[in-house]
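In what follows, a structure is listed as structure tokens, so that the remarks can point back to it.
Residue numbers (my numbering): 937 to 1115.
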């Protein structure tokens, strides 16, 4: 959020799906990710609201979700703990959570809901994104706090569109380097 103030929800505009009565949602996947203090469990449920629709509770698919640990080096951690004594540790776990939302979006579409428009994700925890949260100290020194989401929608419309080949790569990877 702006000036390290957390946001209760985030929204994104989807406006590339053609309007068609014969369109079918073949596959839809929601991904949400965040850096959390080591040992803190990720959100197992978030809320997705499609354009003009009702909020949909979405459960994580634990088999497809992933995580890895990282954090500040010892010197940076000591400095941060001097500034922010309530901070107990400087380690973070980066979580990437996935859920299949195909049935929910296709039901929304079949009930007259639009696939194009403003989607909103709520109830995802991103520690360190709030000025009152001691994990913000880790975030500001190590640039480690992350949080976000994405929605992949694959659709079919045999009456109006030809076949396409889709390549989709999913994963969370730690890249380390100098500086």
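Glycine included, each C-beta is placed from N, C-alpha and C at the ideal position. It should be emphasised that the depicted structure is a prediction, and the values quoted were computed from it without experimental measurement.
Alpha carbon to alpha carbon, how far is residue 1102 from residue 1041?
Along the chain shown, read from residue 1 onward, the residue named residue 1102 stands at position 166. Along the chain shown, read from residue 1 onward, the residue named residue 1041 stands at position 105. Taking the straight line from one Cα to the other gives about 19 Å.
Taking C-beta to C-beta, are residue 947 and residue 1055 nearer than 9 Å?
Counting from one through the chain shown, the residue named residue 947 turns up at place 11. Counting from one through the chain shown, the residue named residue 1055 turns up at place 119. Going by C-beta atoms, residue 947 is nearer than 9 Å to residue 1055.
Which residue wins for smallest C-alpha separation from residue 1000, given the options 1084, 956, 962, 1032?
Counting from 1 along the chain shown, the entry for residue 1000 is found at position 64. Measuring from the Cα of residue 1000, the nearest candidate turns out to be 1032.
Per DSSP, which residues does residue 978 bridge with? Please list them.
Counting from 1 along the chain shown, the entry for residue 978 is found at position 42. None, per the DSSP bridge assignment.
Counted within 10 angstroms of its Cβ, other Cβ atoms place residue 980 as buried (16 or more) or exposed:
The sequence position of residue 980 within the chain shown is 44, counting from 1. It is exposed - the Cβ of residue 980 has fewer than 16 other Cβ atoms within 10 Å.
Where do the ends of the beta strand (DSSP E) carrying residue 1029 lie?
Translated into the one-based positions of the chain shown, residue 1029 becomes position 93. Its beta strand (DSSP E) spans residues 1027-1036.
With DSSP as the reference, label residue 1039 as helix, strand or coil.
Here residue 1039 refers to the residue found at position 103 of the chain shown. Looking at residue 1039 - three-state DSSP - the assignment turns out to be helix.
If you check the beta carbons only, do residue 1008 and residue 1027 fall under 9 Å apart?
The residue you call residue 1008 lines up with position 72 of the chain shown. The residue you call residue 1027 lines up with position 91 of the chain shown. Their beta carbons are under 9 Å apart, which means residue 1008 touches residue 1027 by this criterion.
Counting only the same chain and skipping the five closest in sequence on each side, list residues whose C-beta sits under 6 Å from that of residue 1089.
As a working note, residue 1089 is residue 153 in the chain shown. Excluding residues within five positions, the ones whose Cβ falls inside 6 Å are 964.
Keeping to the same chain, check which residues put their C-beta closer than 6 Å to that of residue 958; ignore five residues upstream and five downstream.
For the purposes of this step, residue 958 is identified with residue 22 of the chain shown, where counting begins at 1. So the list reads 1093, 1095, once near-sequence residues are dropped.
Can you list, in chain order, the residues of its chain with a C-beta nearer than 8 Å to that of residue 1037? Leave out the 5 residues immediately preceding and following it.
Counting from one through the chain shown, the residue named residue 1037 turns up at place 101. Cβ neighbours of residue 1037 beyond the five flanking positions: 964, 965, 966, 984, 992, 994, 1087.
Hey, out of 1003, 1097, 1061, whose CA is closest to residue 1083's CA?
On the chain shown, residue 1083 is found 147 positions in, with the first residue counted as 1. If we check each option's Cα against that of residue 1083, 1061 comes out closest.
Quick one: what's got a C-beta closer than 8 Å to residue 962's C-beta in the same chain, skipping five residues either side?
Reading the chain shown from its first residue, position 26 is the one you call residue 962. If we look at residue 962 and ignore the five residues flanking it on each side, its Cβ neighbours are 1038, 1090, 1091, 1092.
Given a threshold of 16 other Cβ atoms within 10 Å of its Cβ, counted over all protein chains shown, does residue 982 qualify as buried or as exposed?
Against the chain shown, residue 982 aligns to sequence position 46. Residue 982 comes out buried.
Can you tell me whether residue 990 is buried or exposed? The criterion is at least 16 other CB atoms within 10 Å of its CB, across all chains shown.
Here residue 990 refers to the residue found at position 54 when the chain shown is read from its first residue. Exposed, by the Cβ-count rule.
Around the C-beta of residue 949, are 16 or more other C-beta atoms found within 10 angstroms, so that it is buried, or is it exposed?
In the chain shown, counting from the first residue as 1, residue 949 sits at position 13. With fewer than 16 other Cβ atoms within 10 Å, it is exposed.
Minimum length 4: unbroken alpha helix (DSSP H) runs contained in the region 971-1018:
none
How long is the line joining the alpha carbons of residue 968 and residue 1051, rounded to whole angstroms?
Residue mapping note: residue 968 aligns to position 32 of the chain shown, counting from 1. Residue mapping note: residue 1051 aligns to position 115 of the chain shown, counting from 1. The alpha-carbon atoms of residue 968 and residue 1051 are separated by roughly 19 Å.
For a test of the three-state rule: what should DSSP assign to residue 1092, helix, strand or coil?
On the chain shown, position 156 is the one that residue 1092 refers to. Note: residue 1092 maps to strand in three-state DSSP.
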